[in-house]
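Below: the structure, in structure tokens.
Residue numbers (our numbering): 3 to 327.
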């Protein structure tokens, strides 16, 4: 959990309450200056051909693999995600994003001729050209705090943009790790780290990025949308969902119960797309409830760094309140 102490943001282990580390909270003047530096770096980066941008990012794959255990451990310590899950939820998506965008970007971003047909359009020629927007502000959540922002930063960079990244106040050290890793492969100031809570996110938007990408709660997303709309900034929102499962009469009961348990309790029940509702055929209702109760009752809770732990702590105080009310 993040705690502000003056101009320092403290990272607290949600399992045992221990202090993991501290980072300086970014101020409005620092963010404004950061925006200018990032914009200058992005102007140079956009002139590099996409094939060379992809090549510049290629060392990240080896870096991710080499530091995967360190990443997984920090995620478990800082947000409480069970370490048994983190290779699949944090490392694999990050690796796949590098491979995927490196493969499709040259063709996807290539110029495309536009054909004009008809007698009134003869002699005309058209061209579709994709241009970087400039600086993309990425404001992220503590849910899957490595993979989600990483898989948003990579396409922004491949497309020729600079990035200002603000991780959740509950996962600042993971955010700092992401930026440190990217700096090993990229020009200086192309990816910048802003540290703090929602007020820092607001200051980033007011500093004038060219696009905003926000991941988090609906209530916060609404406030981000208002800030962006007042400045006519393009905006992408990735908000929490309400996952639903349907169990039909011909379902394999054991498989259905196991899969729904996984979908509901991934990341200790805190995944943004987790299963929250289940519709069950009436003939299977009682045996389904009995089977899923057996599975859930056997889940092991405890230290997220223990490989046998299946349910770790709630990351935030709000999460604890939802569980006990």
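In this text, a Cβ means the ideal position worked out from N, Cα and C, and glycines have one as well.
Around the beta carbon of residue 127, fewer than 16 other beta carbons lie within 10 angstroms, which makes this residue exposed. The alpha carbon of residue 211 has as its nearest neighbour, out of 111, 21, 16, 135, the alpha carbon of 135.
Nearest to residue 164 by C-alpha distance, out of 22, 310, 50, is 50. In this structure, residue 179 sits away from residue 62, with a CB-CB distance that is not shorter than 8 Å. Listed in chain order, the beta strand (DSSP E) elements of length 3 or more contained wholly in the region 281-318 amount to none.
The DSSP-derived three-state label of residue 155 is helix.
DSSP, reduced to helix, strand and coil, places residue 46 within a helical segment of the structure shown. Counting only residues of its own chain and dropping the five nearest sequence neighbours on each side, residue 43 has a CB closer than 8 Å to the CB of 164, 189, 190, 191, 192. By a beta-carbon distance limit of 8 Å, residue 235 does not contact residue 267. Their separation comes to about 37 Å. Between residue 114 and residue 130, the beta carbon gap of about 4 Å places them in contact (Cβ cut-off 8 Å). With a beta-carbon spacing of about 6 Å, residue 59 and residue 100 fall inside the 8 Å limit used to define contacts. Between residue 145 and residue 158, the beta carbon gap of about 20 Å keeps them out of contact (Cβ cut-off 8 Å). Under DSSP, the beta-bridge partners assigned to residue 24 are 12. In this structure, the beta-carbon distance from residue 181 to residue 56 does not fall below 8 Å.
By the neighbour-count criterion, in which a residue is buried when 16 or more other Cβ atoms sit within 10 angstroms of its Cβ, residue 248 is exposed. DSSP places residue 126 outside any alpha helix (DSSP H), giving it a letter other than H or E. Only exposed fits residue 116, as fewer than 16 other CB atoms lie within 10 angstroms of its CB. Given a length threshold of 4 residues, each whole run of the alpha helix (DSSP H) inside the region 159-196 is given here in chain order: 174-185. Between the region 193-204 and the region 88-95 there are fewer than three inter-stretch CB-CB distances shorter than 8 Å, so the stretches are not counted as touching. Exposure of residue 285 is indicated by the presence of fewer than 16 other C-beta atoms within 10 angstroms of its C-beta. Shortest Cα-Cα distance from residue 228 to any of 242, 243, 208 involves 208. Non-local C-beta neighbours of residue 82 in its own chain, meaning closer than 6 Å and more than five positions away in sequence, comprise 16, 17, 306, 314, 315, 317, ordered along the chain.
Only residues of its own chain outside the window of five on either side were considered, and among them 255, 256, 259 have a CB closer than 8 Å to the CB of residue 293, listed in chain order. Taken through DSSP and simplified to helix, strand or coil, residue 255 comes out as helix.
Separation of residue 39 and residue 133 (C-alpha to C-alpha, rounded to the nearest whole angstrom) is 20 Å. Around the beta carbon of residue 168, a 10 Å sphere encloses 16 or more other beta carbons of the protein chains shown; the residue is thus reported as buried. Between residue 147 and residue 52, the C-beta spacing is not below 8 Å.
Residue 166 and residue 103 have their alpha carbons spaced roughly 20 Å apart.
DSSP places residue 146 in the coil class of the three-state scheme, outside both helix and strand.
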